[in-house]
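Only one structure is covered here, and it is reproduced in the block below.
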Amino acid sequence: MKYDTLIRQALIIDGSNTPGYLADVGILAGRIEAIGDLATVSAGHEVDARGLVLAPGFVDVHTHDDTVVIRHPQMLPKLSQGVTTVIVGNCGISAAPVSLRGDPPDPMNLLGTRAAFAYPRFADYRAAVEGAQPAVNVAALIGHTALRSNHMDDLQRTATPDEIAAMRGQLQESLEAGALGLSTGLAYASAFNATTDEVLQLSEELTAFGAVYTTHLRSEFEPVLEAMDEAFLIGRHAKAPVIISHLKCAGAGNWGRSPQLLASLEQAAKTHPVGCDCYPYAASSSTLDLKQVTDAFRITITWSTPHPEVGGRDLQDIAAQWGLSLMDAARRLQPAGAVYYGMDEADVRRILAHPLSMVGSDGLPEDPFPHPRLWGAFPRVLGHFSRDVGLFPLHTAVHKMTGLSAARFGLTERGEIREGYWADLVLFDPLRVRDVADFKEPQRAAQGIERVWVNGVLSYSEGQANGQRSGRFLARSGALGGGFSSL
Ligand SMILES: [Zn+2]
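Here's what the structure looks like:
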C-alpha cells in the first residue's frame with residue numbers, strides 16, 4: 001500500500017488564500033505525500049470526502065494553554081475545532097522559565113495554581129510537553145511578566161539594570177532552547193510600570209534569533225495608538241517582527257476607532273513586518289481588573305477565589321445583592337475572572353477582515369465558566385463570519401488561521417496543504433460548520449468538524465477524540481516566511 005491514509009475527492013482549501021480545488025490527498029509517515037488524482041491507488045485507511053473541505057489544521061496563535069497541554073493533553077476544546085497547533089506564552093505570561101516564590105501573580109494565575117509552575121528553565125518545559133505528548137503541536141513564547149516575576153521582588157516598578165541583565169540571560173537561554181520569541185502584557189499591573197526602555201533592552205535578545213515580539217498592548221483603551229507606536233518602536237529596535245495581540249477598541253469611549261488602528265498598522269507594515277491576531281467576539285475576558293470596572297457595559301464574573309458561587313453571574317447583580325458599588329463588589333471578588341462586553345461589533349468585523357489579522361482564540365482553559373472563544377473561535381470564523389455574514393470568502397478565513405499564521409510565527413512545513421508538508425489536516429462540512437459554545441453554555445464542541453489529523457494521525461472523528469495524541473513540540477525554525485510581505 002502506497003499511503004497510510006488517502007482522503008478522496010475533498011475540496012482542498014490549501015491555506016494560501018486561493019480558492020479551493022477538488023483532489024485526493026495521500027498521507028505517508030506523517031506527511032502529505034501526494035495531492036492529485038489518486039483514483040488508482042489504495043491505502044491502509046481511505047476517507048470519502050465528497051462535499052467536504054480539507055484544510056490545513058488550524059494554528060491557534062493566541063493561547064494560554066501553557067500548562068493544560070501537559071495536565072490535560074487530550075486538548076478537546078482545541079482539537080474539536082480543528083486546531084492542530086497552539087502557540088502558548090502570550091500576553092507576557094508563560095509557564096517557563098518560572099521560579100515562583102509564592103502564588104502566581106495576576107495574570108499568571110490564568111495559567112494555573114502554583115503547582116502548575118514547575119519549569120525553572122524553558123528546556124524543562126519543552127521536555128515536559130514532549131513527555132506529555134499532547135494531541136496538538138505546541139510552540140511557545142517567553143513572557144516578559146514571567147521573567148519579571150523571577151527576578152523582581154516588586155512588580156510595581158521598572159526593573160534595575162541587574163534585573164534586566166538577569167532577564168536577558170534567561171530569555172537568551174530560552175530562545176536557544178527553541179522558544180519563538182518574547183511576549184509582553186504591558187496593560188497588566190504586573191508589567192505596566194516597566195518602562196519602554198526595559199522592554200527595548202530585553203528585545204535586543206530577539207535580533208540574533210530572528211524571533212518575534214508579540215504584545216498585549218499597554219492600553220487597548222483611549223491611548224491605544226500610542227501603545228501601538230510603542231510596540232512598533234520595540235520591534236524596529238530589535239529588528240523583530242511585531243504581532244499585536246487581540247487587537248481591539250476597548251471601552252465605550254473607544255468604539256468606532258478601528259479604521260485608525262488599522263491605518264496605523266498598515267503604515268507600520270510599509271517598513272517593518274507587523275501584524276495582529278484577534279478573536280471573533282465583541283466581548284473580552286481576563287482576570288477581573290479594577291481599571292476596567294464600569295457601568296458602561298455588561299461584565300460577567302467567570303470565577304472568584306473567595307466567592308466561587310457567583311461564577312456566571314453579572315457583576316451588577318452581585319453588587320446589587322451585596323448592597324455595594326460595582327467597584328467595592330469587584331474588590332471583594334478578587335482574585336477573579338471576568339467577561340467584559342466592551343467592544344463594538346463593527347470594530348470586531350473590520351479588524352477580523354483586515355489582511356494583516358490572524359485568528360487566535362485567547363481561550364482560557366482554566367476558567368470554570370470560560371468565554372466561548374475557548375471552544376468556538378475557529379468554527380465561528382468559518383461558519384458565522386465567512387458563510388453566514390459573508391465577511392470574507394472561505395479560503396480567506398482558512399488563510400487567517402493557517403498559512404498566514406504559520407508564516408508569521410516561522411512554523412515551517414505547516415499551515416498549508418502542500419506535498420512534503422506535515423499532515424496537520426482538518427476535514428469539515430462547509431454547510432454545517434458552526435460554533436455551538438455561547439456565553440450561556442460555553443463548553444460545547446463545534447458542529448461540522450468531521451475529522452482532524454495531527455502529524456498524519458487521525459485524532460478526532462465523529463465528534464470524539466479517538467485517544468491518539470501525536471502533537472509535537474515545535475521549536476523556532478529560523479527565518480520567517482512570506483507572511484509579512486502581503487501588504
Ligand atoms: Zn492578552
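For the sequence shown, counting from 1, position 189 maps to 189 in the UniProt record's numbering; every step adds exactly one. Backbone N, C-alpha and C fix where the C-beta goes; we use that ideal spot for every residue, glycine too.
In whole angstroms, what is the alpha-carbon distance linking residue i and residue j?
{"i": "E266", "j": "A43", "result": "47 Å"}
{"i": "L147", "j": "W303", "result": "26 Å"}
{"i": "N109", "j": "D103", "result": "8 Å"}
{"i": "F392", "j": "V348", "result": "14 Å"}
{"i": "Q172", "j": "L206", "result": "8 Å"}
{"i": "I12", "j": "R157", "result": "52 Å"}
{"i": "D277", "j": "I351", "result": "9 Å"}
{"i": "S485", "j": "Q321", "result": "Only weak support is given to the placement of S485: the predicted model assigns it a pLDDT of 40, under 50, and the value that follows is read from those uncertain coordinates. Rounded to whole angstroms, S485 to Q321 spans 54 Å at the Cα level."}
{"i": "D65", "j": "G169", "result": "25 Å"}
{"i": "M152", "j": "S190", "result": "11 Å"}
{"i": "M401", "j": "F378", "result": "8 Å"}
{"i": "V98", "j": "R114", "result": "10 Å"}
{"i": "A414", "j": "R313", "result": "The residue you asked about is not Ala; residue 414 is Arg in the sequence shown. Their Cα atoms are separated by approximately 41 Å."}
{"i": "I417", "j": "L28", "result": "14 Å"}
{"i": "S238", "j": "H395", "result": "Looking at the sequence provided, one finds Ala at residue 238 rather than Ser. Using only the alpha carbons, I get a separation of about 33 Å."}
{"i": "L141", "j": "G323", "result": "43 Å"}
{"i": "G188", "j": "A445", "result": "Checking the sequence shown, residue 188 turns out to be Tyr, not Gly. Between Y188 and A445, the C-alpha separation is close to 31 Å."}
{"i": "P56", "j": "N90", "result": "23 Å"}
{"i": "M75", "j": "T84", "result": "10 Å"}
{"i": "T305", "j": "P368", "result": "11 Å"}
{"i": "D229", "j": "A165", "result": "25 Å"}
{"i": "G138", "j": "A179", "result": "A small fix is needed here, since residue 138 is Val in this sequence, not Gly. Between V138 and A179, the C-alpha separation is close to 10 Å."}
{"i": "A250", "j": "G256", "result": "10 Å"}
{"i": "D362", "j": "D48", "result": "34 Å"}
{"i": "E450", "j": "L54", "result": "10 Å"}
{"i": "E33", "j": "G420", "result": "6 Å"}
{"i": "P335", "j": "R476", "result": "34 Å"}
{"i": "T67", "j": "E163", "result": "26 Å"}
{"i": "M327", "j": "L427", "result": "47 Å"}
{"i": "D24", "j": "V381", "result": "26 Å"}
{"i": "G482", "j": "R408", "result": "Caution applies to G482, whose pLDDT of 39 falls short of 50 and renders its modelled position unreliable; the model cannot decide the point."}
{"i": "I318", "j": "N254", "result": "27 Å"}
{"i": "E309", "j": "L333", "result": "11 Å"}
{"i": "V224", "j": "Q9", "result": "47 Å"}
{"i": "A159", "j": "G185", "result": "15 Å"}
{"i": "A271", "j": "H45", "result": "According to the sequence provided, residue 271 is Thr. The question's Ala does not apply to it. Straight-line Cα distance between these residues: approximately 48 Å."}
So the candidates are the options; which of them puts its Cα closest to the Cα of residue i?
{"i": "E226", "options": "D429, S284, R414 and Q260", "result": "Q260"}
{"i": "E441", "options": "D429, Q74, H371 and V426", "result": "H371"}
{"i": "S219", "options": "D197, R469, L247 and G235", "result": "L247"}
{"i": "A268", "options": "W375, A240, D295 and T84", "result": "A240"}
{"i": "R194", "options": "E176, E419, H395 and T145", "result": "One point to set straight first is that residue 194 is Ala, not Arg, in the sequence displayed. With distances taken between Cα atoms, A194 lies closest to T145."}
{"i": "I299", "options": "G323, M343 and S264", "result": "M343"}
{"i": "P280", "options": "G376, Q468, R418 and E130", "result": "G376"}
{"i": "Y3", "options": "A23, R31, D14 and A10", "result": "R31"}
{"i": "D197", "options": "A211, I318 and A231", "result": "A231"}
{"i": "D429", "options": "M1, L52, A128 and A34", "result": "L52"}
{"i": "V69", "options": "A116, V47 and I93", "result": "A116"}
{"i": "A282", "options": "R236, A319, V310 and A346", "result": "A346"}
{"i": "F473", "options": "P308, I244, G143 and A127", "result": "A127"}
{"i": "R71", "options": "H45, V129, A96 and F58", "result": "V129"}
{"i": "Y341", "options": "M327, H354, A353 and V293", "result": "V293"}
{"i": "R469", "options": "R8, A96, R332 and Q133", "result": "Q133"}
{"i": "H399", "options": "R8, D14 and L6", "result": "D14"}
{"i": "Q447", "options": "G463, D438 and W453", "result": "G463"}
{"i": "D154", "options": "L100, D124, P120 and G112", "result": "L100"}
{"i": "N150", "options": "L111, G112, F192 and S94", "result": "S94"}
{"i": "A329", "options": "E204, R50 and D289", "result": "D289"}
{"i": "S245", "options": "M167, W453, V88 and L6", "result": "V88"}
{"i": "F58", "options": "P73, S284, I7 and G403", "result": "G403"}
What distance in whole Å lies between the Cβ atoms of residue j and residue i, which are believed to be in contact at a cut-off of 8 Å?
{"i": "G360", "j": "V61", "result": "4 Å"}
{"i": "L182", "j": "L202", "result": "6 Å"}
{"i": "D424", "j": "N455", "result": "7 Å"}
{"i": "L374", "j": "P365", "result": "6 Å"}
{"i": "M358", "j": "S325", "result": "Not quite, the Cβ-Cβ distance comes to about 39 Å (not below 8 Å), so this is no contact."}
{"i": "A252", "j": "F297", "result": "6 Å"}
{"i": "L175", "j": "A211", "result": "6 Å"}
{"i": "T287", "j": "I243", "result": "That pair is no contact at about 22 Å."}
{"i": "H216", "j": "G92", "result": "6 Å"}
Return yes when at least one heavy atom of ligand 2 lies under 6 Å from the C-beta of residue i, else no.
{"i": "L217", "result": "Only ligand 1 can be found as ligands here, which leaves ligand 2 out of the picture."}
Should residue i be flagged as near chain D, meaning a C-beta pair shorter than 7 Å?
{"i": "D153", "result": "Included in the structure is just one protein chain, with no chain D present."}
Heavy atoms of ligand 1 versus C-beta positions, residues under 7 Å: N90, C91, G185, H216, S245, H246, S286 and D362
Touch test, the stretch 459-478 against the stretch 70-83, Cβ-Cβ under 8 Å, three pairs minimum: yes
Touching by the beta-carbon criterion (3+ pairs, under 8 Å), the stretch 426-442 and the stretch 21-41: no
The stretch 11-22 contacting the stretch 372-390, beta-carbon criterion three pairs below 8 Å: no
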